[in-house]
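As structure tokens, the structure follows; a few thoughts come after it.
Number of protein chains: 2
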Amino acid sequence: MDKYFMEQALLEARKAYELDEVPVGVVIVRNEEIIARGYNLKESLKNALAHGEIIAINKASEYLGGWRLIDCTMYVTIEPCPMCAGAIMSARIENLVIGAKDPRMGGCGSVVDIVTNPGFNHMVSVKWGVLESECTDIMQEFFKSLRERKKAEKKLRKLKELELKESELKES
Amino acid sequence: MDKYFMEQALLEARKAYELDEVPVGVVIVRNEEIIARGYNLKESLKNALAHGEIIAINKASEYLGGWRLIDCTMYVTIEPCPMCAGAIMSARIENLVIGAKDPRMGGCGSVVDIVTNPGFNHMVSVKWGVLESECTDIMQEFFKSLRERKKAEKKLRKLKELELKESELKES
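If you're matching them up, the sequences are chains A and B in order. Reminder that position 94 of the first sequence reads as 587 in my numbering, one-by-one numbering, no gaps. Reminder that position 35 of the second sequence reads as 528 in my numbering, one-by-one numbering, no gaps.
Okay, here's the thing in structure tokens:
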């Protein structure tokens with residue numbers, strides 16, 4: 494079942510990718526049923542809070558009619574950042590299944606550990622590495638294409654600058 | 494100016510108090526002007542994400558038309574939890590002024606440190622203790638009255654149970 498639900502989270506990540514958003518996808522599952530979905534929409538919504546996890550937690554709270562997401566499991570393609578890890582704690586999500594680590598921003602152990610920190614009054618049970626390579630691949634593909642696009646844009650900018658200089662020289 | 498803006502955050506905390514919410518208040522300031530306000534509405538909105546900081550960041554992003562809250566200072570009566578500390582990082586808030594520490598849930602040094610952690614690509618400048626006693630007082634007042642109310646409810650419940658038993662004895 495873990496693989497099936499992570500595939501569903503990857504479908505959400507793909508939606509983010511198509512909108513030029515960093516491709517992270519999420520589903521929240523209760524009694525083997527998906528009760529909420531989300532994907533990163535930070536740039537589209539111009540809002541730093543619009544990570545997939547936050548969007549999915551909002552939907553799940555609405556669906557369940559309360560702030561405690563009891564008996565819920567979140568499947569997320571990439572390790573949640575501190576904000577999302579804190580939101581998972583705040584909503585009392587019990588289980589978290591993560592595709593791949595985020596060594597730069599991870600809030601579940603990679604940079605800080607919020608979800609299994611004994612200092613807090615709630616602890617999340619975490620499972621790592623479900624469809625890890627698929628979750629990493631879509632991220633690498635995204636950042637590779639982003640770098641290539643930026644490179645092409647830079648080249649185009651330089652070309653235009655050269656053309657402008659040439660036309661100025663001709664005029665003088 | 495710090496005292497003035499923290500007084501404004503305390504006014505927001507008072508609004509939460511009046512709705513039986515844990516009294517935490519927030520204002521976000523840019524160019525010495527309050528651009529967003531918020532207070533804890535977790536129980537009222539039945540949503541674990543509805544902390545004052547999150548509500549204020551949402552409003553500020555809408556006001557500024559982008560996810561980067563550049564040149565912004567957040568004033569908050571109580572140390573943000575990990576979710577809110579992460580949201581402050583995510584929105585690139587530059588300065589954070591905190592009234593009082595939260596030794597149980599604090600995400601700015603008390604339990605974990607997210608906002609000045611050298612492991613992340615952004616660091617927040619933090620100032621502690623502005624109107625500290627006022628910020629602590631409203632919390633203590635809230636939890637004292639909550640304990641008293643719960644005690645009174647328990648007493649009432651026991652009284653009703655006794656009455657029920659008495660009437661059952663009379664009937665038999």
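Backbone N, C-alpha and C define an ideal beta-carbon position, used for all residues, glycine too.
Pairwise C-beta distances place the region 593-603 of chain B out of contact with the region 594-602 of chain A, as fewer than three of them are shorter than 8 Å. Of all residues in the region 548-574 of chain A, only I550, N551, S554, G558, G559, W560 and C574 place a beta-carbon less than 7 Å from a beta-carbon of chain B.
Taking a C-beta distance under 7 Å as the contact criterion, B:A502 and B:T566 do not qualify as a contact pair. What A:V604 touches in chain B, judged by beta-carbon distance under 8 Å, is N610, G612 and F613, going in chain order.
In this model, B:D606 and A:N533 are separated by some 25 Å (Cα to Cα). Taking C-alpha positions only, B:L504 is separated from A:A509 by approximately 39 Å. Among the bridge pairs identified by DSSP, A:W621 is matched with A:I591. At least 7 Å separates the CB of B:I527 from every CB of chain A. Boundaries for B:E514: no alpha helix (DSSP H) harbours it, and the DSSP string shows neither H nor E there. Using a Cβ-Cβ distance cut-off of 8 Å, the region 535-548 of chain A and the region 551-558 of chain B are in contact, since at least three pairs of beta carbons, one from each stretch, lie closer than that value. Distances from the CA of B:E514 to each of B:F635, B:A584, B:E546 and B:D495 were compared; the closest alpha carbon is that of B:F635. Segment contact: the region 523-530 of chain A against the region 546-553 of chain A, three or more CB-CB distances shorter than 8 Å; contact assigned. Shortest Cα-Cα distance from A:M494 to any of A:K535, A:Y568, A:S618 and A:G602 involves A:Y568.
Per DSSP, A:A553 is one residue of the alpha helix (DSSP H) stretching across G545 to L557. Comparing C-alpha distances from B:P573 to each of B:T609, B:K663 and B:I563 shows the shortest one belongs to B:T609.
By the Cβ neighbour-count rule, B:M632 is buried, with 16 or more other Cβ atoms within 10 Å of its own.
The beta carbon of B:M616 sits closer than 6 Å to the beta carbons of T609 from its chain, once the five residues preceding and following it are set aside; these are given in chain order. Put simply, the backbone Cα of B:N614 is about 13 Å away from that of A:G600. A residue is called buried when at least 16 other Cβ atoms come within 10 angstroms of its Cβ; B:P611 does not meet this threshold and is exposed.
Shown here, A:M632 sits in a helix according to DSSP, grouped into three states. Annotation: the continuous alpha helix (DSSP H) that includes B:C577 extends over P575 to S583. Contact between A:G592 and A:V623 holds: their C-beta atoms lie close to 6 Å from each other, under 8 Å. Nearest CB-CB separation between B:S583 and chain A: below the 7 Å threshold.
Taking the C-beta atoms as reference points, A:I581 is found no nearer than 7 Å to A:A553. Look at B:M576: its C-beta is under 7 Å from a C-beta on chain A. Under the three-state reduction of DSSP, B:R530 is assigned to strand. Counting along the chain, the unbroken beta strand (DSSP E) around A:C565 starts and ends at C565 to I571.
When C-beta distances to chain A are compared with 7 Å, the residues of the region 520-546 of chain B below that value are K535, K539, N540, A541 and L542, in chain order. Closest in C-alpha terms to A:G518, from the list A:S626, A:R507, A:M576 and A:L657, comes A:R507.
Any Cβ of chain A closer than 7 Å to the Cβ of B:I586 would place that residue at the interface, and such an atom is absent.
No Cβ of chain A is located within less than 7 Å of the beta carbon of B:G592. Nearest CB-CB separation between B:A580 and chain A: below the 7 Å threshold.
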